[in-house]
């Protein structure tokens, strides 16, 4: 059986990490950080935005900021020519 992570990468998804800074209502002066990581498609990030919509609907915490890092892990191979030949005698 093929791994789900591999299959979504073949569909163009890459590893997305989001740093979500938020305030809890009972501690408004304390900024807390939540790290979220999932495979998602840049630049629209549908999986992340679904998670953030769920957060706003279900969690009693005010989001202050979200920083996103994304890396497409499977991409066309890159190659370059070699300027020499290595031989074994």
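Residue numbers (the UniProt record's numbering): 1 to 89. Here a beta-carbon is modelled for each residue, glycine too, at the ideal position from N, C-alpha and C. Since the structure is predicted, the reported quantities are computational estimates derived from the model, not experimental observations.
The DSSP-derived three-state label of residue 25 is coil. Counting only the Cα atoms, residue 52 lies some 12 angstroms from residue 60. Judged by DSSP in its simplified three-state form, residue 69 adopts strand. Here residue 12 has 41 as same chain residues with Cβ atoms under 7 angstroms from its own Cβ, once five neighbours each way along the sequence are excluded. With a 10 Å radius around the Cβ and a threshold of 16 neighbouring Cβ atoms, residue 33 comes out exposed.
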